[in-house]
Amino acid sequence: MTVNSKSPIAQIPKLMLYKRPLHPELFTFHARRVDRHGDYEVETWLVEGGHVVRFILDGQSLVEAVLEGNDHLPESNLAHALPCLGEKEYEYEQEGAFGYFTTLQTESLSENLYLATYREMKDFASEVGGLAYEQETPNGPNLYVLDCQKYKKEFHVQGYHLTATNGSVLRTQSVFEIKA
134 MTVNSKSPIA
144 QIPKLMLYKR
154 PLHPELFTFH
164 ARRVDRHGDY
174 EVETWLVEGG
184 HVVRFILDGQ
194 SLVEAVLEGN
204 DHLPESNLAH
214 ALPCLGEKEY
224 EYEQEGAFGY
234 FTTLQTESLS
244 ENLYLATYRE
254 MKDFASEVGG
264 LAYEQETPNG
274 PNLYVLDCQK
284 YKKEFHVQGY
294 HLTATNGSVL
304 RTQSVFEIKA
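Add 133 to a position in the sequence shown, counting from 1, and you land on the number used in my numbering.
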């Protein structure tokens with residue numbers, strides 16, 4: 134495997150937050166899970182180029198989509214879009230029943246460090262029962278992992294996107310919370 138740390142990033146992933154559901158036909162699925170806990174339901178999807186999390190409470194949805202190649206997604210009811218570059222935080226205060234907070238961090242690793250991180254994340258996903266999807270590319274293996282925790286008034290999700298091109302690692306930590 135050759136992690137090409139000199140090539141430019143083809144597309145910088147974006148974190149997009151929607152105040153509405155996104156149609157499944159917009160994505161190519163690799164893994165899917167539905168969790169129901171107390172008053173809320175959450176769908177987590179690993180899709181081509183990233184992940185989608187749909188938080189549903191009392192018929193309302195809040196959707197986090199973290200994707201490369203996101204030009205095909207609608208702009209209607211897009212609450213916020215955040216390029217996944219560097220370290221960032223974002224908080225969404227919706228009038229009503231729930232809120233959302235996220236942090237993200239990106240890194241570019243050397244080939245050896247990328248491969249070690251890749252192996253560690255594969256083991257981690259298996260240990261915690263997270264959703265995981267591996268993808269072989271000409272530049273080496275990519276890995277997408279979602280690890281989730283359910284609480285009475287909160288749902289926590291950690292996303293890990295490892296991309297062999299540039300040896301990039303994107304980490305997201307998001308909290309969907311019930312305010313009422």
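Note that beta-carbon positions come from the ideal geometry of N, C-alpha and C, so glycine has one too.
The model shown is predicted, which means the values in this text are computed figures rather than measured ones.
The three-state reading of DSSP puts Arg252 in helix, counting H, G and I together. Every beta strand (DSSP E) of 3 residues or more that sits fully in the region 154–199 is shown, in chain order, as 162–170, 173–180, 183–190.
Around the beta carbon of Tyr284, fewer than 16 other beta carbons lie within 10 angstroms, which makes this residue exposed.
Inclusion of Ala297 and Gly263 in the CB contact set at 8 Å is not warranted, their separation being larger than that value.
The region 193–277 contains, as complete beta strand (DSSP E) runs of 3+ residues, the segments 193–200, 211–216, 220–226, 231–241, 264–270 (chain order). The beta carbon of Gly171 sits closer than 7 Å to those of Lys285, all from its chain and outside the five residues before and after it, given in chain order. When C-alpha distances from Phe309 are compared across Glu158, Gly219, Tyr223, the shortest belongs to Tyr223. Annotation: Thr298 is outside any beta strand (DSSP E) and is labelled neither H nor E by DSSP.
Contact check for Val199 and Gly300: beta-carbon distance about 18 Å, past the 8 Å limit, so the pair fails to qualify. Comparing C-alpha distances from Glu226 to each of Tyr151, Pro271, Lys255 shows the shortest one belongs to Tyr151. In the three-state reduction of the DSSP assignment, Tyr284 falls in the coil class, being assigned neither a helical nor a strand state. Of the candidates Ile189, Ala212, Glu201, the residue whose Cα lies closest to the Cα of His294 is Glu201. With fewer than 16 other Cβ atoms from the protein chains shown falling within 10 Å of its own Cβ, Glu158 counts as exposed.
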